[in-house]
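Residue numbers (the numbering used here): 5 to 279.
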């Protein structure tokens, strides 16, 4: 009788194990971009030992945590430019008086950057949610350009201007301004600069993102390469961004741990900006 019980237990365990991995494989297939090169070395793919990432808000850098991690591990200099302090955001959960949210979110950004090993973090003082209304693309490009000249990157990572990952006006504005800045910077430098756009999973966006993210997927370029990205780094990032820790659950209904168990790659489109 004991033998039959143990046999049944083993069979049940095997079935559960196989079912779990089959479900995981199927779930991941819903997010995976087909036929995209998966690379190991960020510095080789970007042809850069100095990389600057330019985003709009604290927590935007979560889109590129795997790229940052690998670049740091490969000995590259990595810096971030963030246009706003995120003071107009909604708190998920509420952890501070709203009037202090900008201070808190900047602190979360700097703590996350420190945990990733980022060498330098620059935060501008543009209004959260109002970047394109507060400053022209040309003036913002000049602000970004001044930092690029100082930091001397060989590669720059930012948002794709027409899609901005989420159609957020701040994202699209920083993408447009960064493109202008990189074009000017390459000319001043006299050498080509790699410009990489961080992208969403188009299959996942179309299946689960509603009308807005389907539009994002339609606007995005084809990804040129992917990085395998484990869930641990992404979920830790949301924990560090404590004022936004439940953002994904509250806005999509999917907790971070589950989303990143299925969406396991970062995608990038690359342009080489010639002088």
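Using N, Cα and C, we set each Cβ at its ideal position, and we do this for glycine too.
Report the partner residues of residue i according to the DSSP bridge assignment.
i	result
residue 57	84, 161
residue 108	The partner list for residue 108 (beta bridge, DSSP) is empty, contrary to what the question assumes.
residue 201	162, 273
residue 124	83
residue 229	272
residue 130	88
Measure the C-alpha to C-alpha separation of residue i and residue j and round it to an integer number of angstroms.
i	j	result
residue 187	residue 196	9 Å
residue 113	residue 38	32 Å
residue 277	residue 50	12 Å
residue 192	residue 279	7 Å
residue 241	residue 189	31 Å
residue 231	residue 134	32 Å
residue 220	residue 164	10 Å
residue 35	residue 238	16 Å
residue 94	residue 111	16 Å
residue 33	residue 204	15 Å
residue 315	residue 70	Absent from the structure is residue 315, since the part of the chain shown begins at 5 and ends at 279.
residue 118	residue 211	35 Å
residue 257	residue 270	21 Å
residue 250	residue 214	20 Å
residue 181	residue 147	9 Å
residue 217	residue 202	15 Å
residue 183	residue 200	10 Å
residue 329	residue 262	Residue 329 cannot be examined here, being either before or after the span of the chain that is shown, 5 to 279.
residue 61	residue 229	24 Å
residue 151	residue 29	43 Å
residue 153	residue 73	24 Å
residue 109	residue 233	24 Å
residue 185	residue 206	27 Å
residue 128	residue 88	6 Å
residue 170	residue 85	19 Å
residue 66	residue 116	9 Å
residue 145	residue 254	34 Å
residue 265	residue 149	37 Å
residue 31	residue 194	46 Å
State the DSSP-derived secondary structure class of residue i, mapped to helix, strand or coil.
i	result
residue 52	coil
residue 89	coil
residue 269	strand
residue 43	coil
residue 34	coil
residue 100	coil
residue 172	coil
residue 94	coil
residue 222	helix
residue 139	coil
residue 257	coil
residue 188	helix
residue 167	coil
residue 250	coil
residue 64	helix
residue 241	helix
residue 117	helix
Go through its chain and collect everything with a Cβ distance to residue i's Cβ below 6 Å, but skip five positions before and after it.
i	result
residue 63	245, 248
residue 76	82, 121
residue 56	83, 155, 157, 160
residue 80	47, 53, 55
residue 92	132, 133
residue 162	58, 179, 182
residue 223	166, 167
Can you name, in chain order, every residue of its own chain whose Cβ lies under 7 Å from the Cβ of residue i, other than the five neighbours on each side?
i	result
residue 168	175, 176, 179
residue 43	49, 229, 231
residue 198	50, 51, 52, 158, 159, 274, 276
residue 40	227, 229, 230, 271
What does a CB cutoff of less than 8 Å around residue i pick up in its chain, not counting 5 residues either side in sequence?
i	result
residue 136	173, 174, 176, 177
residue 252	242, 258, 259, 260, 263
Taking 8 Å as the threshold, find out whether the region 137-146 comes into contact with the region 101-108 through three or more Cβ pairs. Flag = no, the region 137-146 and the region 101-108 do not touch.
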